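Undergrad: All residue numbers for the sequence shown refer to the working numbering, where the first residue is 45 and numbers rise by one.
A virtual CB, placed ideally from N, CA and C, is assigned to each residue, including glycine.
From a predicted model like this one, the values you see are computed outputs, not experimental measurements.
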Amino acid sequence: MDYVIDCEKVSKSYGNISALRDINLKLEKGSFLAIFGPNGAGKTTLLKILSHLIKPTSGTVKINGILLHDEDGEIRKNIGVVSHNSFLYNNLTSYENLEFYGKMYNIPDLKNRIAEVIDEVGLTARMHDPVRTFSRGMMQRLSIARVLMPDPSIIYLDEPYTGLDQHAAMKLRDILKNLKKGDRTIIMITHNIERGLEVCTHVAIQVMGRIAYFEKIENVDRDKFESKYFNTVGKEHY
45 MDYVIDCEKV SKSYGNISAL RDINLKLEKG SFLAIFGPNG AGKTTLLKIL
95 SHLIKPTSGT VKINGILLHD EDGEIRKNIG VVSHNSFLYN NLTSYENLEF
145 YGKMYNIPDL KNRIAEVIDE VGLTARMHDP VRTFSRGMMQ RLSIARVLMP
195 DPSIIYLDEP YTGLDQHAAM KLRDILKNLK KGDRTIIMIT HNIERGLEVC
245 THVAIQVMGR IAYFEKIENV DRDKFESKYF NTVGKEHY
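1) On the criterion of 16 or more Cβ atoms from any shown chain inside 10 Å, does ALA78 qualify as buried, or is it exposed?
2) Would you list the residues sitting across from ILE198 in a DSSP beta bridge?
3) Can you list the alpha helix (DSSP H) stretches of 4 or more residues lying completely in the segment 230-269, in chain order?
4) If distances are taken between C-alpha atoms only, which option among ILE261, GLU238 and ILE255 comes closest to LEU90?
5) Which residue spans inside the segment 74-100 form an unbroken beta strand (DSSP E) run of at least 3?
6) What is the DSSP secondary structure of LEU208, reduced to helix, strand or coil?
7) How many angstroms separate the CA atom of GLU118 from the CA atom of LYS215?
8) Identify which residue in ALA159, ILE219 and HIS113 has its Cα closest to the Cα of ILE199.
9) Use the C-beta contact count for TYR282: other C-beta atoms within 10 angstroms, 16 or more gives buried, fewer gives exposed.
10) Confirm, please, whether the CB-CB distance from LEU111 to ALA248 is below 9 Å.
11) Just to confirm, is the Cβ distance from TYR273 to THR234 under 9 Å?
12) Determine the DSSP secondary structure at VAL105, reduced to helix, strand or coil.
13) Of the choices GLY84, ASN222 and CYS51, whose alpha-carbon is the least far from that of SER62?
14) Distance check for VAL175 and PRO194, CA to CA, integer angstroms please.
15) So which of ASN108, LEU201, LEU192 and GLU262 has the shortest CA-CA distance to GLU72?
16) Have a look at SER187 and PHE80 and give me their C-alpha separation to the nearest angstrom.
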């Protein structure tokens with residue numbers, strides 16, 4: 045079977061500190077993995093390795109069958125990352141921000157592409173407003189639009205619900221559900237169990253650098269998952 049993301053015994057150490065320990069992870073095309081876990085579990089470190097931002101200490105990572113350390117930059121063009129930093133310019137408008145990144149990516153038919161992605165995140169009415177006037181939720185949606193500009197086949201989201209009120213969280217949920225409809229492969233880190241279970245096809249619990257639980261969403265009892273989470277986290281910690 046061909047996997048879009050294929051990790052084999054991936055570990056990452058910083059001196060004597062082990063951030064990741066023997067991570068094995070395989071995701072098929074179109075999968076949406078929600079990773080839950082306490083702070084310090086190594087979740088962001090895993091995303092950085094999958095984004096080719098840092099190298100693992102040991103183990104192998106393949107993206108679309110290609111070893112990350114062998115690739116020449118083409119794989120990175122197909123990966124979009126929504127992190128804690130929006131990478132938006134506050135004094136520019138939504139349109140100007142997306143135009144800037146569109147030119148960086150050499151996107152053809154740029155005007156229409158901007159219109160498409162800004163509509164996809166529900167910000168058409170604020171297209172020409174400066175980003176400094178945006179709420180946290182609107183900034184997050186525009187960050188997703190920025191990532192969507194080159195139409196990546198893989199998207200990573202690191203705590204996208206952080207700081208969002210209920211209305212903004214519902215808007216984000218709808219956007220993520222829409223992203224899920226295509227063939228994109230998505231990994232999202234979140235502490236919000238309810239929101240994560242709403243959109244994912246696979247669930248993982250990461251504790252102390254290890255994936256302690258991994259399952260398809262259809263095999264998960266949503267009513268009992270919170271108890272499963274705390275039992276898994278507690279067991280791994282103690």
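TA: According to the structure data:
1) Here residue 78 refers to the residue found at position 34 of the sequence shown. Buried is the call here.
2) What you label residue 198 is simply residue 154 of the sequence shown in a count that begins at 1. ILE123 and THR229.
3) As far as the segment 230-269 is concerned, its whole alpha helix (DSSP H) runs of at least 4 residues are 237-243.
4) Taking the first residue of the sequence shown as 1, we reach residue 90 at position 46. Of the listed residues, the one whose Cα sits closest to LEU90 is ILE255.
5) 76-80
6) Counting from 1 along the sequence shown, the entry for residue 208 is found at position 164. It is coil, neither helix nor strand.
7) Taking the first residue of the sequence shown as 1, we reach residue 118 at position 74. Taking the first residue of the sequence shown as 1, we reach residue 215 at position 171. Cα-Cα distance, rounded: 32 Å.
8) By 1-based counting over the sequence shown, the position of residue 199 is 155. Closest option to ILE199, judged by alpha-carbon separation, among ALA159, ILE219 and HIS113: ILE219.
9) As a position in the sequence shown, residue 282 is number 238, starting the count at 1. Here the model assigns TYR282 a pLDDT of 41, short of 50, so the residue's position is not dependable, and the following value carries that caveat. Classification of TYR282: exposed, given that the 10 Å Cβ count is below 16.
10) As a position in the sequence shown, residue 248 is number 204, starting the count at 1. As a position in the sequence shown, residue 111 is number 67, starting the count at 1. Contact: no.
11) Counting from one through the sequence shown, the residue named residue 273 turns up at place 229. Counting from one through the sequence shown, the residue named residue 234 turns up at place 190. One thing to note: TYR273 has its Cβ no nearer than 9 Å to the Cβ of THR234.
12) The sequence position of residue 105 within the sequence shown is 61, counting from 1. Three-state DSSP puts VAL105 in a strand.
13) On the sequence shown, residue 62 is found 18 positions in, with the first residue counted as 1. For the residues GLY84, ASN222 and CYS51, the minimum Cα distance to SER62 belongs to GLY84.
14) Counted from its first residue, the sequence shown places residue 194 at position 150. Counted from its first residue, the sequence shown places residue 175 at position 131. Approximately 21 Å between the Cα atoms of the pair.
15) In the sequence shown, residue 72 corresponds to position 28, counting from 1. Measuring C-alpha to C-alpha distances from GLU72 to each of ASN108, LEU201, LEU192 and GLU262 identifies ASN108 as the nearest.
16) In the sequence shown, the residue the question calls residue 187 occupies position 143. In the sequence shown, the residue the question calls residue 80 occupies position 36. Rounded to whole angstroms, SER187 to PHE80 spans 22 Å at the Cα level.
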